[in-house]
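Protein chains in written order, with this note's numbering: chain A, 3 to 231; chain B, 3 to 231. We treat Cβ as the ideally placed atom computed from N, Cα and C, and that holds for glycine. Values in this document were obtained by computation on a predicted structure and should not be read as measured data. See below for the structure under consideration.
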DNA sequence: CAGTGGTCTAGACCACAAG
DNA sequence: TTGTGGTCTAGACCACTGG
C-alpha cells in the first residue's frame, strides 16, 4: 500500500463494505498515513479526490466524514459541434441563416451587463451532418466582452468554434429540456411538426463574470446527450 | 505569486490572451516553478487541474501543450430525488405502482451479466412533489449484484434512495433525450398526451463492472436539468 | 538516452472551526 | 484553545516517451 490510487481504492472499499458507514468519522490524515505507511500528502490526495467525487465531506477541525447521501456527479463533454459530428464519421457543415445586430431580451442584457438600448450580435445557425440537419442554434454574442466578433461573419468557422478558440471563458451554466417542433423548427430540421426535441441552453462568462455568449441548441429528433457518472 | 490557485489563474490568463496560443508548448514545470518562485509541486497542482479541465494536454517527455480544441466539461449533480424535491421547498412522496420479478430485456441482461432465463426486480415508481407528479421511474435491479434488494418493497424508502445508500457503485453511463407523452405516461404524469418530456436513462455498475441497476426517469412537462460548466 | 511529467517524502506553517 | 485539513517546500526517484 503506497500509491494514492491504492489508498483511494482501499478507502472506497471500506466505505462500500460499511466498515465506514455513511455519517461516520474517518481517522485523521496523520493516523491513516501511519496505518498505510506513507506520507500524509499521499493520504490527502486520495481523500481529496474522494471528496471531489462526493463520497466524503471534509472540513477543517471537524475531520473527514462519509457522505450521508453521496451525490453522484454526472458529467459530459461539450465538444465543438464540428468535432462531435466528425468523430461520428460524418461530414460537417453549417449555414449561417441570420446575422443581426439588435437589442437582446432582458435576460440576455442582464447576463451581458448591457443597458436597455445596447445591442448585441444575434446568430441563427443550422448545423449539418452529411447534409442532414443536425442542430439548430440561436445565439447571442456580447460584443462588449468579445469586440473581435464584430469582424466575423462566422461563415467559414462557426461561432461555436470561433468562440471556443478566441473568447476567454471561465465558466457558465446550462439547462437541458424538451420541446415540440413548431412550424419553423420542423422546416429547419426537416422533421415532422410535433416531434419531441432536446433543447440545450447555455451561457458562458469570462473571468470577470461578464457574459460572453448565450446559446440555445435544438437537436434533430432522436438525438441523445451521452455522459458518464 | 505563490498559491496554486494564483498560478492556475495566471497560466489561464496567458492562454486566454494568446501569450500561449493553442498548440504551443509551455515551459517545463521546473522553469515555471523558477519563474513563479515556488516549488515544482505547486506548479504541478495548477497545471494538473488545468489539464483535467481540458485546457492543457500533458505528456511525459513531450511536455505541456495548450489544447487546440478545449473541450468544456459540463457537469451536474444527480441527487436523491427526495432531496432534489425537498430542496425546492416541496413535499416529497412516492408510490410504487408495480414490483415484479421477471426476465429483463437483452440489453439489461447483458449489463447485469445474466443468462437468458434469469430474472431481476422490475419497479415502476411515481415520484411526487406536493402531491403533483414529478417523475415516472422504470427500474431494473440486479439481485445478483444486490441480494438484499429481495427483501425490500421500496415503499418506505424509494429504490433510488435505498440503492444510493446500500449498493456500492463505482460508475455508470447515462443518456438524456426527449419523448412524447403517450397514453400511459400522460395518465401517470397527469399531463396532456403529446407533451414533450425529458427522459434520462442511466445505469450504474459496481467495482467489478457488474450492473447494479438500470433506470429510466421521465420527468413531468417543463422539467429542466440544470448544470454548470 | 535524456528530459519530461507523475508521484512520494518528511517536515513545516497556516486557516478554519468545534468546543 | 486546539486539532483538523489545506497547502507549500526541497528533494528524490520513477515511468514514460521522443529523438
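The way I'd put it, the region 9-25 of chain B doesn't touch the region 174-193 of chain A; fewer than three beta-carbon pairs between them come closer than 8 Å.
C-alpha of residue 73/B to C-alpha of residue 60/A: approximately 29 Å in a straight line. Setting aside the 5 residues that flank it on each side, residue 87/A is surrounded in the same chain by 94, 131 and 136, each with a C-beta closer than 7 Å to its C-beta; the list follows chain order. Nearest to residue 145/B by alpha-carbon distance, out of 197/B, 182/B, 198/B and 208/B, is 208/B. In terms of beta-carbon proximity, residue 166/B lines the interface with chain A, with at least one pair separated by less than 8 Å. Taking a Cβ-Cβ cut-off of 7 Å, the neighbours of residue 181/B in chain A comprise 198, given in sequence order. Here residue 197/B carries a coil assignment [DSSP, helix/strand/coil].
Bridge partners of residue 79/B according to DSSP: 75/A.
Looking only at 39/A, 128/A and 104/A, the smallest Cα-Cα distance to residue 117/A is reached by 104/A. Judged by beta-carbon spacing, residue 67/A lies within the 8 Å limit of residue 26/A, meaning their Cβ atoms are closer than that value.
Residue 45/B: member of the alpha helix (DSSP H) spanning 42-54, first to last residue. The beta-carbon distance between residue 96/B and residue 71/B, rounded to whole angstroms, is 43 Å. This is too long to meet the 8 Å contact definition.
By the neighbour-count definition (other C-beta atoms within 10 Å, threshold 16), residue 204/B is a buried residue.
Look at the region 134-204 of chain A and you find these whole runs of alpha helix (DSSP H), each 4 residues long or longer: 161-168 and 185-190. A straight line joining the alpha-carbon of residue 212/A with that of residue 106/A spans about 15 Å. Here the C-alpha atom of residue 231/B lies approximately 44 Å from the C-alpha atom of residue 119/B. In the assembly as shown, residue 112/A is an exposed residue. Its beta-carbon has fewer than 16 other beta-carbons within 10 Å. Going by DSSP, residue 11/A is part of the alpha helix (DSSP H) stretching over 6-18. At a cut-off of 8 Å between beta carbons, residue 10/A makes no contact with chain B.
DSSP, reduced to helix, strand and coil, places residue 125/B within a strand of the structure shown. Contact annotation for residue 77/B against chain A: 75, 76, 77, 78 and 229 [CB-CB distance below 9 Å, chain order]. About 7 Å separates the beta carbon of residue 160/A from that of residue 84/A, a gap short enough to meet the 8 Å contact definition. Around the beta carbon of residue 58/B, a 10 Å sphere encloses 16 or more other beta carbons of the protein chains shown; the residue is thus reported as buried. Secondary structure of residue 27/B (DSSP, three-state): strand. Per DSSP, the beta-bridge partners of residue 104/B are 122/B. No Cβ-Cβ contact shorter than 8 Å links residue 34/A with residue 65/A. Shown here, residue 227/A sits in a strand according to DSSP, grouped into three states.
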